[in-house]
Amino acid sequence: MGNEAELLPGTLDLLILKAVSLGPLHGYGVLLRIEQISGRALLIEQGALYPALFRLVRQGLLKASWGKSDNNRRAKFYELTSKGRKRLREETAGWNRLVAAIASALAAQPQEI
Amino acid sequence: MTAYFRSLAGRFFHRSETENDLEEELHSHIQLRVEALERSGLARAEAERRARLEFGSPERFKEECREAIAGNFIDVLFQDLRFSSRMLRKSPGFAAVVILTIALGIGATTAIFSVVDATLLRPLPYPKSEQLVSIQDNFQGVGAQDVGLSEPEWHDLQCSGIFESVSPTWFDENNLTGSSQPARVRLLIVAPNYFALLGMQPQLGRGFDPRDHSPGLIPEVVISDGLWKGAFGSDPNILSKSVRMDTDLYRIVGVMPAGFDAPGRTAEERNVEVWAATSFYGAPLSDHPPRNRRNLPTAIARLKSGLTIAAAQSRVDALVASLQKQFADDYPLQNAWTIRLVPLKERVVGNVRQSLVLLLGAVGLLLLIGCVNVANLLLARASARGREMAIRRALGAAQARLTRQLLTESLLLSLFGGIAGLAILFSAKDFLLRLVPENLPRLNEISISWSVLLFALIASVVSGVLFGLAPALQAGRLDLTHALKQEGRASTGSAERARTRRALVITEFALSLVLMITAGLLLRSFWDLLNVQLGFNPQSVISVRTRLPAPNDPGIDKYATAAQETPFVRELIRRCKMLSGVEEVAIGDTASIPLDESLRDLKLISEGQFLLTVEGRDVQSDQSTVVERSSVSPDYFHLLGIPLLRGRLFNESDTDNTPQVAVINQAMAQSLWPNEDSLGKRFKAAKADAPWITVVGVTANARTQSLAQADLPQIYLDLYQTGAKRLAIFLRGHLRTAAIADEVRKQVQSLDPTLPVSGAQTLDETVSASLAQRRFSMEMITLFALTALLLAGLGIYGVISYLVSERTHEIGVRLALGASRSNILRLVLGQGLGLAIVGAAVGLVCALIVSHLMASLLYGVRPTDPLTFASVVFLFLGVALLACYLPARRAIRVDPMIALRYE
């Protein structure tokens, strides 16, 4: 438990887009998928998923439809729209640039200046 | 669009689909989590606990989801509305009180606004009416207003290039014969361009030809819808008919539409029944009269398009200056002749503007006081609901959300109030219209129009925000732990809330005091006017009017000179004296009817005011020489009880053949001959051919011209020497108005069957009618003020009751520790009186400002009248004391044991 990281603000949306890009999911599935692909290293307040999902639907990045889950329950499934796919690509690139920049900044040694 | 509204309605009445989905989605998440945790080996109960803990507050996330959903604003609004109506249904008494208060406030404000809207705000009902002006000639130098214009001046204005067209208007009465009874009709003599100038078309037939400049009166008339429907029974062939007016024959060429009013100052001048046209020269009018014969009472004009009134005024000023130079003899400099262009609307409604604005202000204050009262009620309720609010906050409702919820509740209340107010207004419309004085201009235009409805809506929303804001904001600033700890006691946030409530009560008191003082001043003015020494005795006197014809051909005029008229007048007096119940009879012209305001314009030209020259005085002297005059028979003075001070009254030796004599009042004697004996002095009308008139008597002053002014100069001339066309027959005795009018008609028509008889009225009624407008404002404002006083009393009662119930425990402790009952009484009363005194002080300052603004509406009292101010303040403190005493009595009856156990 002790080695879980707090989410940076704004990154939850990105994680949701990524999780959904791997295949349509219902809300709880999104949570499981994020835990799975992050290696259970991120601490997510579960309820906070839903406002984020609604927000993404409203922005047209996700679309939602009701269907049956594995255990035959009615569940709402989310999938990526083409707009969402584009956004995911942009945000991933942006994130990578940010990480590279921060990493190189943090790796700087006194003799390189 | 309809589908949209249906979905809106659906969302309002049912829990929306999204709401159900949201619930289900979150629920299924938690269920899945519980199952997963169970599979990992936890017990069911533990798994459920963990799942909920991990999920966080569902209410908070639901709220956030709702806000994230598109179109959510309306959903939230509907949710708030549903919740609000549920809350209000739960406390119907509270809701009813609030809605009723607001309904009365909005109803009254909207009612007054509908009057203001119809009279002051809406343009006159003529096309492009902003281009219409009234032309007013003044002799500022001698203090004479509205002296009329002369025929050459009219031409100067027509040709000046400033106006599209100019039409003199000359209001007069006339005798219409040919129908069953000779009738007196209200006639307006205008230029042929009049209807074109106003831009109005008759509903039947045509108007006058604007290019017809033939001499004399054009033998055509246009009649009003009322006359057509009344005297002619809506005859469809009316256009082929002719009518006889003053024995001359005119063809009816047009009928004006219903609701068309002439733009006049008094009700009489607006209700014109017949329009006749002339170019104001040629018999029977004087042929091209000289510049100083101001025979045209007034004129209206339409400005050239694109010209503002200010620009037109400066060009008119230049014209006046050059005319004065060119015709120096006709325009003596000391007269200081000016022509003022007044917006036509101002002429029609100018008299009532101040009263109406005052009324609107007063009723607005009342609404504001109502709002303050409701705010107080809401605050009291907010204390009771403090715990509910705290729990909702604890469950995750955002602060902004609670504020919004409470504000929605207030708005809902005020909208219901507004709707109820409008409903009252609609149902009481006819009754209310009867309260409005009949001589109010544009009375028939008063309606509940879109702008009135919009006003009601805005007023409702604004009052909802006004009274809802303080409680809503306070609910937002809630100290959670503190609030929850209070075991259901109604004292959450009490310190701040109590402070707000005190501030509200002070505001309420100040506002009510302003209203009360305004009402007090008006009441005193009115009272003083009612009890003024009239200087004449109007009791058991009835006046009846008749009018002698003035044919266009003077040769056939049976009453052309005083000598021809006198036998008729003498015989009429003799016959009227023989009627049963009649004790005294006198006859005068209509200017001699005391305080009669119905024929103001008429007085300006043919009777009433005139300019005079005093014998032996320099014409260039700058003394004010405009005087009221009337022609009366000798018995007039005795009949009205106006005492003679010096000299003699008219007698049988004054006839058409002897030099003209006059009786003047003391004010006139003092102003013209301050240190001399006025008897035997001579004066004459300021016209070339006017005869000298000798003063033979001086009477006491009588307020026959204006109730408000005691010492207006007045000249009485002998009717047997001057003659008069418009006659008033005065009868004193124990008489019934309707019966005596018939008797007099019989006598008049037995002498001359063509004469109309009209306007029978007791002098008391005439005096009372002259006060109609004042009475209306006074009554309305007194009504508003009393309501305000009641509301303020209730307000302070509520606050003090609340404070007492809050402090029951403390009072118990004090009593247990040995405080006396009178100590407690003093404590509670002191608190209430403190509020009242602060409120009164603030109110006094505001009232001083307001009373100075309304100084011109007052009579006999100064705006700072100490008696009014002091008595209103005492009344106020008395009401406050009473309102505080009731809760205070409850406080001293507190049983210390119960109070202490009550915790």
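Chains as they are written, first to last, in this note's numbering: chain P, 1 to 113; chain H, 1001 to 1903. Every residue, glycine too, gets a C-beta built ideally from N, C-alpha and C. The model shown is predicted, which means the values in this text are computed figures rather than measured ones.
Within 10 angstroms of the Cβ of residue i, are there 16 or more other Cβ atoms? Answer buried if so, exposed if not.
i, result
"Met1897 (chain H)", "exposed"
"Leu1104 (chain H)", "buried"
"Val1748 (chain H)", "buried"
"Gly84 (chain P)", "buried"
"Thr1492 (chain H)", "Residue placement at Thr1492 (chain H) is flagged as unreliable, the pLDDT there being 45, under the threshold of 50; a coordinate-derived value is accordingly withheld."
"Trp66 (chain P)", "exposed"
"Glu1046 (chain H)", "exposed"
"Leu1422 (chain H)", "buried"
"Val99 (chain P)", "exposed"
"Gly2 (chain P)", "Confidence at Gly2 (chain P) is low in this model, with a pLDDT of 46, below 50, so the placement of that residue is unreliable and no value is reported for it."
"Ala1095 (chain H)", "buried"
"Gln1705 (chain H)", "buried"
"Ala26 (chain P)", "The displayed chain sequence assigns His, not Ala, to residue 26 (chain P). Counting Cβ neighbours within 10 Å, His26 (chain P) comes out buried, since at least 16 surround it."
"Arg1661 (chain H)", "The identity of residue 1661 (chain H) in the sequence shown is Val, whereas the question assumes Arg. Buried, since its Cβ has 16 or more Cβ neighbours within 10 Å."
"Val1845 (chain H)", "exposed"
"Gly1488 (chain H)", "Bear in mind that a pLDDT of 46 at Gly1488 (chain H), under 50, signals an unreliable position, so the number given afterwards is only what the model happens to contain. Gly1488 (chain H) is exposed by the Cβ-count criterion."
"Ser1322 (chain H)", "exposed"
"Phe1865 (chain H)", "Phe is not the amino acid found at residue 1865 (chain H); the sequence shown has Asp there. Buried."
Look at the alpha carbon of residue i and the alpha carbon of residue j, and state the distance between them as a whole number of angstroms.
i, j, result
"Glu1938 (chain H)", "Ser1856 (chain H)", "Shown here, chain H extends from 1001 to 1903; a query on residue 1938 (chain H) therefore has no answer."
"Arg1184 (chain H)", "Pro1756 (chain H)", "6 Å"
"Met945 (chain H)", "Ile1339 (chain H)", "What the structure shows of chain H is the stretch from 1001 to 1903, and residue 945 (chain H) is not part of that stretch, so it cannot be assessed."
"Ser1777 (chain H)", "Glu1067 (chain H)", "52 Å"
"Gln1354 (chain H)", "Pro1343 (chain H)", "17 Å"
"Ala1741 (chain H)", "Ala1772 (chain H)", "24 Å"
"Gln1145 (chain H)", "Trp1337 (chain H)", "10 Å"
"Glu1409 (chain H)", "Phe1416 (chain H)", "11 Å"
"Asn1531 (chain H)", "Leu1595 (chain H)", "15 Å"
"Leu1817 (chain H)", "Thr1110 (chain H)", "55 Å"
"Gln109 (chain P)", "Arg97 (chain P)", "20 Å"
"Ile1099 (chain H)", "Gln1405 (chain H)", "18 Å"
"Leu42 (chain P)", "Phe1055 (chain H)", "15 Å"
"Ala105 (chain P)", "Lys86 (chain P)", "29 Å"
"Arg1547 (chain H)", "Pro1297 (chain H)", "20 Å"
"Ala1880 (chain H)", "Ala1840 (chain H)", "10 Å"
"Gly1233 (chain H)", "Leu1204 (chain H)", "15 Å"
Could you name the residues that DSSP lists as bridge partners for residue i?
i, result
"Val1133 (chain H)", "H:Ala1301, H:Pro1343"
"Lys63 (chain P)", "P:Glu79"
"Val1544 (chain H)", "H:Ile1729"
"Asn1174 (chain H)", "H:Val1185"
"Asp1329 (chain H)", "Bridge partners of Asp1329 (chain H): none, in fact."
"Thr1699 (chain H)", "H:Leu1644, H:Asn1665"
"Ala1277 (chain H)", "H:Val1190"
"Glu1584 (chain H)", "H:Arg1732"
State yes or no: is the beta carbon of residue i nearer than 8 Å to at least one beta carbon in chain B?
i, result
"Tyr50 (chain P)", "Although the question refers to chain B, the structure presented lacks it and instead comprises the protein chains P and H."
What residues from the segment 1033 to 1065 of chain H come within 9 Å of chain P, judged by C-beta to C-beta, listed N to C?
Arg1033, Glu1035, Ala1036, Ala1051, Glu1054, Phe1055, Gly1056, Ser1057, Pro1058, Arg1060, Phe1061, Lys1062, Glu1063, Glu1064, Cys1065
Going along the chain, which residues of the segment 23 to 46 of chain P sit with their C-beta nearer than 7 Å to a C-beta in chain H?
Gly27, Tyr28, Glu45, Gln46
Within the chosen definition, does the segment 1531 to 1550 of chain H reach the segment 1378 to 1398 of chain H through at least 3 CB pairs nearer than 8 Å?
no
Quick one, which residues of the segment 82 to 101 of chain P are near chain H if we go by CB-CB under 7 Å, in chain order?
Of all residues in the segment 82 to 101 of chain P, none places a beta-carbon less than 7 Å from a beta-carbon of chain H.
How about the segment 1502 to 1519 of chain H and the segment 1679 to 1696 of chain H: do they share at least three Cβ pairs that are nearer than 8 Å?
The segment 1502 to 1519 of chain H makes no contact with the segment 1679 to 1696 of chain H, as fewer than three CB pairs between them are under 8 Å.
Okay, do the segment 1819 to 1833 of chain H and the segment 1857 to 1876 of chain H touch, 3+ Cβ pairs below 8 Å being the bar?
no
So does the segment 1652 to 1665 of chain H actually touch the segment 1732 to 1740 of chain H, counting three or more Cβ pairs closer than 8 Å?
no
Using 8 Å as the cut-off, can you tell me whether the segment 1409 to 1426 of chain H makes contact with the segment 1447 to 1458 of chain H, which would need three or more C-beta pairs spanning the two stretches below that distance?
yes
Using 8 Å as the threshold, is the segment 1350 to 1369 of chain H in touch with the segment 1162 to 1171 of chain H, meaning 3 or more CB pairs across them?
no
The segment 1572 to 1583 of chain H / the segment 1713 to 1721 of chain H touching (three or more Cβ pairs under 8 Å):
no
Got a sec: which bits of the segment 1824 to 1851 of chain H sit with their beta carbon under 8 Å from any beta carbon on chain P, in order along the chain?
none
Taking contact to mean 3 or more Cβ pairs, one atom from each stretch, closer than 8 Å, check whether the segment 1439 to 1449 of chain H and the segment 1113 to 1121 of chain H are in contact.
yes
So, do the segment 1080 to 1094 of chain H and the segment 1040 to 1054 of chain H have three or more beta carbon pairs nearer to each other than 8 Å?
Between the segment 1080 to 1094 of chain H and the segment 1040 to 1054 of chain H there are fewer than three C-beta pairs closer than 8 Å, too few to call the two in contact.
Three Cβ pairs or more, each shorter than 8 Å: is that satisfied between the segment 74 to 81 of chain P and the segment 13 to 30 of chain P?
yes
Validate contact between the segment 1287 to 1299 of chain H and the segment 1145 to 1161 of chain H using beta carbons, cut 8 Å, 3 pairs
yes
Does the segment 1884 to 1896 of chain H touch the segment 1818 to 1826 of chain H, meaning 3 or more C-beta pairs lie closer than 8 Å?
yes
Could you run through the segment 65 to 77 of chain P and flag, in chain order, every residue whose CB is less than 9 Å away from some CB of chain H?
Listed by position along the chain: Trp66, Ser69, Asn71, Arg73, Arg74, Ala75, Lys76.
The segment 1502 to 1516 of chain H in contact with the segment 1778 to 1790 of chain H per 3-pair CB rule at 8 Å:
yes
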